[in-house]
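K.L.:
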Amino acid sequence: MTGFLTGPATWAGFRFSGRINPPNLSPTRCKFFLSLMAPSPSSPRHGILTGAAGGLGRALAVRLARDGWRLALTDQDEVGLAETLELVEAAGGHGECELLDVTDPVAWRQLRDRLQDRWPRLDLLVNNAGVCGAGAVGEFAPEDWQWILDTNLQGPIYGCHTMVPWMTEQPGTAYVLNIASVAGLIAPPTMGAYNVAKAGLIALSETLYNELHPRGFGVTVVCPGFFQSNLIPSGRFSNERSRQQAKEFNATARITATWVADRAIRAMYRRKLYVVDGLRARLLWRIKRMMPGAFHRLLSSWIARVDRQLGEQSPTKTFSRRP
493 MTGFLTGPAT WAGFRFSGRI NPPNLSPTRC KFFLSLMAPS PSSPRHGILT GAAGGLGRAL
553 AVRLARDGWR LALTDQDEVG LAETLELVEA AGGHGECELL DVTDPVAWRQ LRDRLQDRWP
613 RLDLLVNNAG VCGAGAVGEF APEDWQWILD TNLQGPIYGC HTMVPWMTEQ PGTAYVLNIA
673 SVAGLIAPPT MGAYNVAKAG LIALSETLYN ELHPRGFGVT VVCPGFFQSN LIPSGRFSNE
733 RSRQQAKEFN ATARITATWV ADRAIRAMYR RKLYVVDGLR ARLLWRIKRM MPGAFHRLLS
793 SWIARVDRQL GEQSPTKTFS RRP
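Residue numbers for the sequence shown follow the working numbering, beginning at 493 and rising by one.
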């Protein structure tokens, strides 16, 4: 269904066309009716969630559980999955734990085969599993580049390749929710591998949206700024300066995983393509779209200022002198 301000669509006998609303149906009421598209607890739907053992994955699982979803919670952390499952059931949802290495295409196919034996359909794929790392190009090791690309980009590619055909076999609405990052939109310095992976995931989401949206399926890509997460300890960094910078951004983040999860699910139900979370993230994205040259000078200067506050020399200062 196309949004009531963006193109023709039909809902409950009304004709939506261009910028004209149906008679006696205000934009506020249109949004209310769209919100009713969320699945009710009395009609459970089935979804796969990667990276569910903690952090944002756990917050997404609990948020979906409140809407009555039946979830396949996947991760490589068996203990963390069990803890998430308890929270899902306490929130009113249903779940089952599945160990999954998202970088293994065979494991994806085996997961699909197991679920098809138990589930009548698949209504949701959430590609949330991810890792982090930082280091300037030429300093960040090639094997660390591959590690990030395999998990943050190739994993979602395998997931979509394996699960989307199953989702499209059945009538009705289904959703793909990809967790990217504002880094994929603005490309901060010293985060090359992470930027490339998340930019690729955004491009994958846009491609899927163009392929599936005309058929009534929803595709949403979430691009949060820094939020409080547990990724930093397991991240890979080319030097201590990069690690300390990441810790600083994480410690001063003003948004939480719970907040990001709630916005992501609400946007998913509305079939919204982009979700950019965090005031600073949205501001930077808008500045880049309006004034790309000024944006890159602003961003590199801001990163350099954070480095100075940490008492260390930034290799990115020279970027601010670009014409």
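Every residue, glycine too, gets a C-beta built ideally from N, C-alpha and C. Keep in mind the model is a prediction, meaning the values are calculated, not measured.
Distance check for residue 708 and residue 571, CA to CA, integer angstroms please.
P.N.:
As a position in the sequence shown, residue 571 is number 79, starting the count at 1. As a position in the sequence shown, residue 708 is number 216, starting the count at 1. Distance between the alpha carbons of residue 571 and residue 708: 37 angstroms.
K.L.:
Output the distance between the C-alpha atoms of residue 773 and residue 577, rounded to the nearest integer angstrom.
P.N.:
Indexing the sequence shown from 1 puts residue 773 at position 281. Indexing the sequence shown from 1 puts residue 577 at position 85. Cα to Cα, residue 773 sits roughly 32 angstroms from residue 577.
K.L.:
Could you spell out where the alpha helix (DSSP H) holding residue 661 opens and where it closes?
P.N.:
In the sequence shown, counting from the first residue as 1, residue 661 sits at position 169. Taken as a continuous stretch (DSSP letters only), residue 661 belongs to no alpha helix (DSSP H), as it is neither H nor E.
K.L.:
Which two residues bound the contiguous alpha helix (DSSP H) that contains residue 599?
P.N.:
The residue labelled residue 599 in the question sits at position 107 within the sequence shown. 597-610 is the extent of the alpha helix (DSSP H) around residue 599.
K.L.:
Distance, Cα to Cα, residue 656 vs residue 796?
P.N.:
On the sequence shown, position 164 is the one that residue 656 refers to. On the sequence shown, position 304 is the one that residue 796 refers to. Roughly 42 angstroms between the two C-alpha positions.
K.L.:
Measure the alpha-carbon distance for residue 676 versus residue 662 and round it to whole angstroms.
P.N.:
Reading the sequence shown from its first residue, position 184 is the one you call residue 676. Reading the sequence shown from its first residue, position 170 is the one you call residue 662. One C-alpha to the other measures close to 32 angstroms.
K.L.:
Tell me the residue span of the beta strand (DSSP E) that contains residue 540.
P.N.:
Locating residue 540 in the sequence shown gives position 48, counting from the first residue. Run containing residue 540: 538-541, per the beta strand (DSSP E) assignment.
K.L.:
According to DSSP, simplified to helix, strand and coil, what is residue 808?
P.N.:
Numbered from its first residue, the sequence shown carries residue 808 at position 316. Reliability fails at residue 808, whose pLDDT of 42 lies under 50, so the model's placement of it is uncertain and no value is given.
K.L.:
Going by alpha carbons, who is nearest to residue 575 out of 560, 559, 562 and 554?
P.N.:
In the sequence shown, residue 575 corresponds to position 83, counting from 1. Closest option to residue 575, Cα to Cα, is 554.
K.L.:
Here's a check: name, in chain order, each residue in its chain whose Cβ is nearer than 6 angstroms to the Cβ of residue 569, leaving out the five neighbours to either side.
P.N.:
What you label residue 569 is simply residue 77 of the sequence shown in a count that begins at 1. The answer, listed in chain order, is 545.
K.L.:
From what residue to what residue does the beta strand (DSSP E) around residue 819 run?
P.N.:
Examination of residue 819 is not possible in this model, given that the chain is present from 493 through 815 alone.
K.L.:
Is it true that the CB of residue 617 sits closer than 8 angstroms to the CB of residue 816?
P.N.:
With the chain represented from 493 up to 815, any question about residue 816 goes unanswered, as that position is not in the structure.
K.L.:
DSSP on residue 716, reduced to helix/strand/coil?
P.N.:
Reading the sequence shown from its first residue, position 224 is the one you call residue 716. Residue 716: strand per DSSP, three-state reduction.
K.L.:
Out of curiosity, what's the CA-to-CA distance linking residue 589 and residue 566?
P.N.:
Translated into the one-based positions of the sequence shown, residue 589 becomes position 97. Translated into the one-based positions of the sequence shown, residue 566 becomes position 74. When rounded, the distance between both Cα atoms is 6 angstroms.
K.L.:
If residue 650 sits next to residue 594, beta carbons under 8 angstroms apart, how far is it from one beta carbon to the other, in whole angstroms?
P.N.:
Residue 650 sits at position 158 when you count from the first residue of the sequence shown. Residue 594 sits at position 102 when you count from the first residue of the sequence shown. That pair is a contact at about 7 angstroms.
K.L.:
DSSP three-state label for residue 614, please.
P.N.:
The residue given as residue 614 occupies position 122 in the sequence shown. Correct three-state label for residue 614: coil.
K.L.:
Out of curiosity, what's the CA-to-CA distance linking residue 498 and residue 763?
P.N.:
Within the sequence shown, the letter at position 6 stands for residue 498. Within the sequence shown, the letter at position 271 stands for residue 763. For residue 498, the pLDDT reaches just 36, beneath the cut-off of 50, and the residue's location in the model is therefore unreliable, although a value from the coordinates is still provided. Distance between the alpha carbons of residue 498 and residue 763: 13 angstroms.
K.L.:
Within a Cβ cutoff of 7 angstroms, which residues of the same chain sit near residue 828, ignoring the five residues on either side of it in sequence?
P.N.:
Because the chain here runs from 493 to 815, residue 828 falls outside it and cannot be looked at.
K.L.:
Just checking my contact of residue 731 with residue 625 at CB under 8 angstroms: how many whole Å lie between their CB atoms?
P.N.:
Position 239 of the sequence shown, counted from the first residue, corresponds to residue 731. Position 133 of the sequence shown, counted from the first residue, corresponds to residue 625. Residue 731 to residue 625, Cβ: 12 angstroms. No contact.
K.L.:
Under the three-state reduction of DSSP, which class applies to residue 671: helix, strand or coil?
P.N.:
Indexing the sequence shown from 1 puts residue 671 at position 179. In this structure, residue 671 counts as strand in the three-state DSSP scheme.
K.L.:
How far does the beta strand (DSSP E) with residue 753 in it reach, from first residue to last?
P.N.:
For the purposes of this step, residue 753 is taken as residue 261 along the sequence shown, with counting starting at 1. Taken as a continuous stretch (DSSP letters only), residue 753 belongs to no beta strand (DSSP E), being part of the alpha helix (DSSP H) at 749-761.
K.L.:
Three-state secondary structure (DSSP) at residue 728?
P.N.:
As a position in the sequence shown, residue 728 is number 236, starting the count at 1. In the three-state reduction of the DSSP assignment, residue 728 falls in the strand class, which pools E and B.
K.L.:
According to the neighbour-count rule (16 or more other Cβ atoms, all chains shown, within 10 Å of its Cβ), is residue 788 buried or exposed?
P.N.:
In the sequence shown, counting from the first residue as 1, residue 788 sits at position 296. So residue 788 ends up on the buried side.
K.L.:
Per DSSP, residue 766 is paired with what?
P.N.:
Counting from one through the sequence shown, the residue named residue 766 turns up at place 274. In the DSSP output, where bridge partners are listed per residue, residue 766 has 713.
K.L.:
For the beta strand (DSSP E) holding residue 558, just list the boundary residues, first then last.
P.N.:
Mapped onto the sequence shown, residue 558 falls at position 66. First-last for residue 558: undefined, no H or E at that position.
K.L.:
When the Cα atoms are used, what is the spatial distance from residue 549 to residue 759?
P.N.:
Along the sequence shown, one-based indexing puts residue 549 at 57. Along the sequence shown, one-based indexing puts residue 759 at 267. If I take the Cα positions, the gap works out to 16 angstroms.
K.L.:
Per DSSP, residue 722 is paired with what?
P.N.:
Residue mapping note: residue 722 aligns to position 230 of the sequence shown, counting from 1. None, per the DSSP bridge assignment.
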